[in-house]
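K.L.:
Input: one structure, supplied below.
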Amino acid sequence: MTLILRRREIIAGQTIELVLHAPAIAAKARPGHFVILRVHPEGERIPLTIADADAQAGTITLVFLVVGTTTALLARLQEQEAILDVCGPLGQPTPIRPVGEVVCVGGGTGIAAMHHIAKGHAQVGNRVTAIIGARTASLLLFEEELSRFCEKVIVATDDGSRGVRGLVTDALRGHLAAHPGVAEVIAVGPVPMMRAVAELTRPLGISTVASLNAIMVDGMGMCGACRVRVGGVIRFACVDGPDFDAHAVDFDELAARLRAFVSQERQSYGCRCACHERA
Amino acid sequence: MDAGVPAMSARKLRPRVPMPMQPPLVRRGNFTEVALGYSLEQAVAEARRCLQCKKPTCQGGCPVEVDCKGFIAHLVHRDVEGAFAVIKRTNSLPAVCGRVCPQEKQCERACKLAPTGEPVAIGRLERFVADTYYASDACASAIAAAKQCRLPREDVRVACVGSGPSSLTAAGFLAALGAQVTVFEGLHEVGGVLVYGIPEFRLPKSIVATEVEHLRRLGVEFRTNWVVGQTVGLTELFHQGYRAVFVGTGAGLPQFLGIPGESLLGVYSANEYLTRVNLMRAYAFPRYDTPLPQGRYVTVIGGGNVAMDAARTALRLGAQEVTVVYRRTQAEMPCRAEELEHALEEGIRVRELLAPVAFEGQDGWLSGLRVERMALGEPDESGRRRPVPTGETEVLATDLCIIGIGTGPNPVLLRATPGLRLNARGYIDVDPTTGETSIPMVFAGGDIVTGAATVVLAMGAGRRAAREIAQRLGLI
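Here the protein sequences come in this chain order: H and B. Take the first sequence: its letters are residues 0 to 278, numbered as in numbering that gives the first Met the number 0. Take the second sequence: its letters are residues 0 to 475, numbered as in numbering that gives the first Met the number 0.
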């Protein structure tokens with residue numbers, strides 16, 4: 000059982016931040032790591048990227064979008080309540096070396112996961128520019144947190160309600176044109192966004208890392224549900240990743256595989272919600 | 000006289016007492032155990048078939064050297080408690096072994112009656128003894144007695160990594176000698192392959208839970224959601240006060256075929272399929288939240304126990320047709336003879352001499368498996384005749400394909416522990432007599448050393464390492 004110390008609705012009813020008392024995980028958590036959690040005894044196991052960790056305080060921060068059964072159940076838990084199972088940190092940490100100038104691109108809830116990686120780059124002395132995007136200003140997150148250690152935070156919204164109007168890739172294109180010294184780009188977000196970032200940086204020859212959100216069951220190399228094709232070779236996102244060279248990832252295959260249980264996920268969500276309404 | 004083969008004429012040999020079973024057409028619709036177990040009368044009748052040889056060979060056929068003759072002698076006198084005590088001396092998981100051991104390749108093959116084709120049903124008797132014993136109150140008193148004979152030694156702490164058969168065996172052996180044992184399990188439930196891999200109809204989870212409870216009462220502490228190598232480093236355990244570590248992390252990394260179309264939706268590793276159903280209870284979806292892969296025409300690739308388990312599971316979950324595809328013939332299948340027999344009885348088709356070539360799909364979903372016909376050639380290094388391609392292919396219509404062709408070493412702990420020497424196949428290199436790895440006081444056993452093998456071999460390795468640990472720590 001893992002206690003929830005703080006809970007905040009970043010976007011009402013949609014995006015939630017939990018700070019958990021998890022000293023063992025916090026002591027080992029590095030940027031790029033994730034946890035697998037389970038909310039109740041009949042529950043499924045889902046992976047969530049660690050958005051922040053504080054080894055001294057013994058806490059980890061998770062940020063999630065309510066998209067299905069487990070995230071809906073998780074959203075109902077309040078401070079001082081506990082999550083049944085939290086296992087981690089899992090995966091390989093993001094390789095972070097002093098390289099000079101880096102750009103961290105985050106889209107949607109991916110901004111939270113990107114936050115931990117951006118912070119890691121700042122801690123080794125890299126100059127970090129964050130580019131974050133959302134449909135509209137009210138759906139943005141972590142702008143203030145990122146501004147604490149990033150040299151610059153560029154905001155892009157589809158409707159222009161905040162920052163520049165357009166996609167994060169539009170902002171990235173402009174930034175890279177003005178800053179030819181960028182050594183590395185990190186992309187965390189929806190598959191189309193990560194693919195677009197990879198396509199943008201490929202001709203420029205800028206090393207680019209994508210953090211993949213594959214379906215997982217155990218999260219420790221046993222099931223192979225999270226297999227992704229990288230450079231033509233099958234890799235497991237849970238134990239070989241979740242970060243990979245974005246120029247080598249087969250994003251089409253990743254997008255297709257994410258659809259594996261769409262109809263069952265809808266059925267399960269409907270069932271749990273209906274049960275909850277009756278209760 | 001002590002002849003190798005006893006004089007049959009002296010006493011007419013009765014046939015083996017058949018195992019009561021659920022009829023195939025009934026059991027293919029449920030997850031209840033297939034074999035129902037002997038009654039006391041049946042067990043005693045079978046026990047009487049034992050010749051009580053002066054120089055028994057059965058014990059030598061058992062990887063953990065169960066004194067078969069000895070426990071059967073107790074059974075003849077209806078002394079279940081005595082029989083249990085004999086088995087438990089060397090076997091920490093008898094209810095499990097009685098069910099999943101390939102007895103026909105071990106004790107029963109070594110039985111002097113084996114040449115008649117009707118060896119003593121040692122596995123069934125072992126299961127009867129364990130089940131009957133656990134069902135009685137004798138269990139609690141035995142544990143109390145075990146505790147009394149050894150005072151727990153607070154200063155002797157041992158960590159077991161993983162909670163499959165090798166770790167549970169090592170933990171039980173050491174706890175009985177007074178060590179403070181902690182078992183670290185990465186998943187949320189204890190039992191390793193016994194809970195995520197082997198299905199309910201072959202090994203009910205309640206059996207595993209009983210064995211685990213038995214260990215808990217011996218003082219073993221279980222920590223779930225702890226991935227050694229990630230949550231805590233292997234050598235860090237020594238700083239935390241553990242004086243020895245046993246690694247039994249298994250061979251859990253599923254292998255894929257590396258043929259076109261393998262990423263299509265509808266293609267699963269047997270590990271994923273079985274984990275969803277067994278550990279996550281996806282068979283009860285949507286009451287349980289984990290989605291179940293659906294298929295009407297299921298193909299399973301492989302010929303081992305895992306492939307049989309996957310095929311029989313798919314059948315029970317409502318598949319219209321389940322076909323096992325194997326590149327050699329039934330005679331070369333590595334699964335337990337009984338599993339193949341049960342699968343065939345239940346209506347599973349086996350297509351022999353077919354090797355997968357490609358998965359075919361529509362809109363990203365699997366629709367067919369292209370296979371190439373094989374012929375049997377010369378024997379290979381395993382002694383089995385090697386399949387030789389013929390060039391002829393056909394397509395099997397399928398909407399769910401489960402790959403059960405084997406597993407590799409789980410990499411998590413190995414990558415995180417650079418000092419741990421591995422062998423050429425990527426498994427942990429150990430001293431064969433002690434089980435010690437290249438890191439002093441770190442021992443390993445089971446599939447992470449041998450590659451995928453049997454429950455009982457893993458138990459034997461756990462026991463061997465535990466004895467060495469006990470000696471080094473002054474427990475024996």
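Glycine is no exception: its CB is placed at the ideal position from the N, C-alpha and C atoms.
1) Kindly indicate which residue of B/N422, B/V43, B/L339 and B/E345 has the alpha-carbon position closest to the one of B/E351.
2) Give me the chain H residues within the contact set of B/Y426, using Cβ-Cβ distance strictly less than 8 Å, ordered along the chain.
3) Output needed for B/C110: all residues of its chain with C-beta closer than 6 Å, excluding positions within five of it in sequence on either side, in chain order.
4) So, are the CB atoms of B/L186 and B/V207 less than 7 Å apart?
5) Going by the DSSP bridge assignment, what does H/C237 pair with across the sheet?
6) Using a C-beta cutoff of 7 Å, does B/P253 count as contacting chain H?
7) At 7 Å on the CB atoms, spell out the chain H contacts of B/R275, in chain order.
8) Which class does B/C400 belong to by DSSP, given the choice of helix, strand or coil?
9) Do we get a CB-CB distance below 7 Å when we pair H/R277 with the residues of chain B?
10) Where do the N-terminal and C-terminal ends of the alpha helix (DSSP H) with B/R123 fall, by residue?
11) Within 7 Å of any Cβ in chain H, is that where the Cβ of B/L479 sits?
12) By DSSP's criteria, H/K151 is part of a beta bridge. Which residues make up the other side?
13) Checking the sheet assignment: what are the DSSP bridge partners for H/T58?
14) For H/I279, which option in H/L83, H/L257, H/G269 and H/L2 has the closest C-alpha, if you only look at C-alpha atoms?
15) Does the region 48-62 of chain H come close enough to the region 29-40 of chain H that 3 or more CB-CB pairs lie under 8 Å?
16) Restricting to Cα atoms, I'd like to know which of B/N224, B/F127 and B/I404 is closest to B/F83.
17) Output yes if chain H places a C-beta closer than 7 Å to the C-beta of B/Q226; else output no.
18) The ligand NAP and B/G36: does any heavy atom of the ligand fall closer than 6 Å to the residue's C-beta?
19) Could you have a look at H/T168 and say whether DSSP puts it in helix, strand or coil?
20) Is there a Cβ of chain B sitting closer than 7 Å to that of H/D242, yes or no?
21) Beta-carbon of H/S210 versus every beta-carbon of chain B: anything under 7 Å?
22) Is B/Q229 close to chain H, meaning its C-beta is less than 7 Å from at least one C-beta of that chain?
23) In chain B, which residues lie less than 7 Å from H/F260 when you measure between Cβ atoms?
24) Nearest by alpha-carbon distance to H/R226: which of H/D217, H/G218 and H/A236 is it?
25) Using beta carbons (cut-off 7 Å, strictly below), is H/A186 in contact with chain B?
26) Let me confirm a value: B/K54 is counted as buried when at least 16 other C-beta atoms fall within 10 Å, else exposed. Which label applies?
27) Would you give the residue range spanned by the alpha helix (DSSP H) that B/Y296 belongs to?
28) Round the Cβ separation of B/I300 and B/P355 to the nearest angstrom and send it over; I've been treating them as touching at under 8 Å.
29) Per DSSP, what kind of secondary structure is H/E143 in: helix, strand or coil?
30) Identify, in the order they occur along the chain, each residue of the same chain with its Cβ nearer than 7 Å to the Cβ of B/Q147, setting aside the five sequence neighbours on each side.
31) List the whole-angstrom C-beta distance separating H/A111 from H/V62, where the pair is believed to meet the contact cut-off of C-beta under 8 Å.
32) Along chain H, which residues have their Cβ under 9 Å away from the Cβ of B/S162?
33) Closest by CA to H/V238, which one among H/P92, H/I205 and H/G180?
34) Please report the distance separating the alpha-carbon of H/D249 from that of H/L211.
35) Tell me the DSSP secondary structure of B/Y282 in three-state form.
36) Could you tell me which of B/A318, B/N277 and B/A330 sits nearest to B/G303, measuring between CA atoms?
P.N.:
The structure says:
1) The candidate whose alpha carbon is nearest that of B/E351 is B/L339.
2) Residues of chain H passing the Cβ test: none, with the nearest at roughly 15 Å.
3) C57, P118 and V119
4) no
5) Answer is none; H/C237 lacks a bridge partner.
6) yes
7) V216
8) strand
9) Bear in mind that the predicted position of H/R277 carries a pLDDT of just 43, short of 50, making it too unreliable to give a figure here.
10) I121 to A134
11) This structure cannot speak to residue 479 of chain B, because chain B is shown only from 0 to 475.
12) H/T128
13) H/H20 and H/D53
14) A query on residue 279 of chain H cannot be resolved here, the shown segment of chain H reaching from 0 to 278 and no further.
15) yes
16) The shortest C-alpha separation from B/F83 is found at B/F127.
17) Checking the sequence, you will find Val at residue 226 of chain B rather than Gln. Yes, B/V226 lies at the interface with chain H (some Cβ there is under 7 Å from its Cβ).
18) Within the structure as shown, the ligand NAP is missing, as the structure has no ligands at all.
19) helix
20) no
21) no
22) yes
23) P290
24) H/A236
25) no
26) exposed
27) Element bounds for B/Y296: not the alpha helix (DSSP H) but the beta strand (DSSP E), Y296 to I300.
28) Contact flag correct, Cβ pair sits at about 6 Å.
29) helix
30) Caution is warranted here: a pLDDT of 49 is assigned to B/Q147, below 50, making its placement in the model unreliable, and the coordinate value is therefore given only provisionally. Answer for B/Q147: no residue qualifies.
31) 3 Å
32) Result: empty, since nearest Cβ-Cβ is about 13 Å, beyond 9 Å.
33) Taking only the C-alpha atoms, the option nearest H/V238 is H/P92.
34) 11 Å
35) Note: B/Y282 maps to helix in three-state DSSP.
36) B/A330
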